[in-house]
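To start, the structure under review is shown below, and the notes come after it.
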Amino acid sequence: MPDFRPETFAEWLSLQWQNGLPERAITGISKDTRTLRPGDLYVAIRGDNFDGHAFVSDAFEKGAAGALVEQDYVSTDQPVLPVPDTIAGLQDLARGYRKSWTGRVIGITGSVGKTTVKEMCADVLSMAGDTHRTSGNYNNHIGLPLTMLAMPADARFGVFEIGMNHPGEIAALAELLQPDIGILTEIGNAHRESFNSVEEIAREKMKLAERVTSSGMVILDRDSPWYAMMRAHTCASVRTVSLEGIADYVGRKAGEGAMNVNGFNYLMPQPGEHMMRNALRAIALGLELGLEPDRIAEGLGRFRAPPMRWQESTRQGIAFINDAYNANPLSMRAGLATFAALPGAGNKWAVVGGMRELGGTSEKEHAALGQYVDSLGLNGVITVGALGERVVCEKVDCFFHCADAAEAARILQDHLVAGDRVLLKASRGEQLEQVLDYFKES
146 MPDFRPETFA
156 EWLSLQWQNG
166 LPERAITGIS
176 KDTRTLRPGD
186 LYVAIRGDNF
196 DGHAFVSDAF
206 EKGAAGALVE
216 QDYVSTDQPV
226 LPVPDTIAGL
236 QDLARGYRKS
246 WTGRVIGITG
256 SVGKTTVKEM
266 CADVLSMAGD
276 THRTSGNYNN
286 HIGLPLTMLA
296 MPADARFGVF
306 EIGMNHPGEI
316 AALAELLQPD
326 IGILTEIGNA
336 HRESFNSVEE
346 IAREKMKLAE
356 RVTSSGMVIL
366 DRDSPWYAMM
376 RAHTCASVRT
386 VSLEGIADYV
396 GRKAGEGAMN
406 VNGFNYLMPQ
416 PGEHMMRNAL
426 RAIALGLELG
436 LEPDRIAEGL
446 GRFRAPPMRW
456 QESTRQGIAF
466 INDAYNANPL
476 SMRAGLATFA
486 ALPGAGNKWA
496 VVGGMRELGG
506 TSEKEHAALG
516 QYVDSLGLNG
526 VITVGALGER
536 VVCEKVDCFF
546 HCADAAEAAR
556 ILQDHLVAGD
566 RVLLKASRGE
576 QLEQVLDYFK
586 ES
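FYI, in this note's numbering the residues of the sequence shown are 146 to 587.
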């Protein structure tokens, strides 16, 4: 974490500290007193179900150097910065700090693959110098400025994930980040309840490419149906990737678990065509920034999937793949197809939960998913929950629907033997990972 002078924060906000300056440098930012460390600036955020101002005193008792509060908060003995809105104030602090950065800033968005591409890009760039990255999925209007303020001043690269749920969010976050390089992942039917069409989603994601200046660079997938629109709406230099045709960086499968890109073979950290596309973006970024292919390959070898993203474990002799962090039609198909294509003996079962936030397209998308699963040749499928009930498979020999994870686990215990495999895939809110609680870990 960088150290900030209290006077600098006041300057960035065009304000004065009340009750005197903090007696020490500010060494971090926290919005949660449970994880606050001595020297942090505590940011009191008002939410739908809580008010961070109720914990300001707790923050100072735990060693906070100061607090960012809203103007109606009254403090008589502790250093506070009063602002009209603490979230906007937090963003202003990040905006002020951004002006001092000399490292290259990479912004990543899309409907699927954002976190994986972010991690891969950061792992690759770490081979060339100190690299800061978004922690977890801190990719929204609060998480992004917190991540920005945590970036060491002398970091050579910063890799930031940008997410959205509603129209207008990408433009605002991209304006805050001001990326030197933009990377667009796959665009699909995610968070559809806030958008009228997938094209509207694509146009929202496109705002990242629009924000990159003419001196910067955007990496686009030449195979995407939205490629032409994305390219037309950026003044930055464009570099293209493809698994299918002509591009600056073309990936070709090179035996089991490897991809050849422009003459060099890279081992893939996980199976699946979607993983090849994710890795291809990170490889293109590394090559554009001057890394040698062998160093990029070493960086890719450092990649570790975040929790609940193709997370493998063995329980009672059964191989489980927990890919239940999130799901939409694109990621569902990619995960299921990759699972179905895995080599080796043993039966393959998929436990499928619902895809949330699809709005008026939900029923159609779940029905279409059932037809897709029918084409994969899986030995068994269990659908879970109210949304999962809409996924109907007519060509799977062993097909069940159940209410919850506990019932799904009982069905698996009745039908599986050592050597079989199970994929868990659903939106995060379905809590499908609870199936694992009923199997003892090997």
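Even glycine gets a Cβ: it sits at the ideal position worked out from N, Cα and C.
The structure presented is a predicted model; accordingly, all values stated were derived computationally and were not measured.
- Using a 10 angstroms sphere on the CB of N310, the tally of other CB atoms stays under 16, which defines it as exposed.
- Each residue's CA atom was taken as its position, placing P297 and Y242 some 10 Å apart.
- Taking the Cβ atoms as the reference, R566 lies roughly 25 Å from G446, outside the contact range of under 8 Å.
- Three or more Cβ pairs drawn from the stretch 324 to 332 and the stretch 254 to 269 lie within less than 8 Å of each other, which places the two stretches in contact.
- In the three-state reduction of the DSSP assignment, D185 falls in the strand class, which pools E and B.
- Looking at the DSSP output, N194 sits in no beta bridge, so it has no partner there.
- Beyond the five residues adjoining it in sequence on each side, L581 comes within less than 8 Å, by CB distance, of S458, R460, F465, N467 and L569 in the same chain, given in chain order.
- Rounded to the nearest angstrom, the gap between the Cα atoms of G530 and G499 is 7 Å.
- Distance from the CA of S220 to the CA of L166, rounded to the nearest whole angstrom, comes to 14 Å.
- Take the alpha-carbon of T528 and the one of G504: they are about 20 Å apart.
- Excluding sequence positions up to five before and after G361, its CB lies within less than 8 Å of the CB of P324, D325, I326, G327, A381 and S382, all in the same chain and listed in chain order.
- Note on the stretch 498 to 545: whole alpha helix (DSSP H) runs with a minimum of 4 residues are 507 to 519 and 530 to 533, in chain order.
- DSSP places V228 outside any alpha helix (DSSP H); the residue lies instead in the beta strand (DSSP E), whose first and last residues are V225 to V228.
- Setting aside the 5 residues that flank it on each side, R337 is surrounded in the same chain by L503, G504 and T506, each with a C-beta closer than 6 Å to its C-beta; the list follows chain order.
- Under DSSP, L213 shares a beta bridge with V188 and L226.
- Sequence-distant partners of P151 (beyond 5 residues in either direction) whose C-beta falls short of 8 Å from its own C-beta, in its chain, are W162, L166, P167, A170, I171, A210, G211 and P224.
- For the stretch 401 to 472, the full-length alpha helix (DSSP H) segments reaching 4 residues or more read 418 to 433 and 438 to 446 along the chain.
- Rounded to the nearest whole angstrom, the C-alpha separation of A571 and I315 is 25 Å.
- DSSP places K398 outside any alpha helix (DSSP H); the residue lies instead in the beta strand (DSSP E), whose first and last residues are Y394 to K398.
- Under the three-state reduction of DSSP, I315 is assigned to helix.
- Proximity of the stretch 532 to 546 to the stretch 362 to 370 falls short of the contact definition, fewer than three beta-carbon pairs being nearer than 8 Å.
- Residues I315, A316 and A319 of the same chain have their beta carbon placed closer than 8 Å to that of K352, with the five preceding and five following residues left out of the count.
- The Cβ atoms of L425 and Y394 lie closer than 9 Å to each other.
- Counting only residues of its own chain and dropping the five nearest sequence neighbours on each side, G402 has a CB closer than 8 Å to the CB of L412, M413 and P416.
- The Cβ-Cβ distance between M265 and A495 does not fall below 9 Å.
- Of all alpha-carbon atoms in T483, N473 and L238, the one lying nearest the alpha-carbon of H511 is that of N473.
- Counting of Cβ neighbours within 10 angstroms places I391 among the exposed residues, the total staying below 16.
- For T260, there is no enclosing beta strand (DSSP E); the residue is part of the alpha helix (DSSP H) that begins and ends at K259 to L270.
- Scanning its chain for C-beta atoms nearer than 7 Å, with the 5 sequence neighbours on each side dropped, one finds around Q579 the residues A550, in chain order.
- Distance from the Cα of V406 is smallest, within the candidate group W246, R478, A442 and T279, for A442.
- Bridge pairing for H277: G303 [DSSP].
- Non-local C-beta neighbours of Q576 in its own chain, meaning closer than 7 Å and more than five positions away in sequence, comprise A550, ordered along the chain.
- Closest option to Q216, judged by alpha-carbon separation, among K207, A204, G208 and T231: T231.
- Straight-line measurement puts the Cα of H277 at about 41 Å from the Cα of L523.
- Excluding sequence positions up to five before and after P229, its CB lies within less than 8 Å of the CB of E215 and Q216, all in the same chain and listed in chain order.
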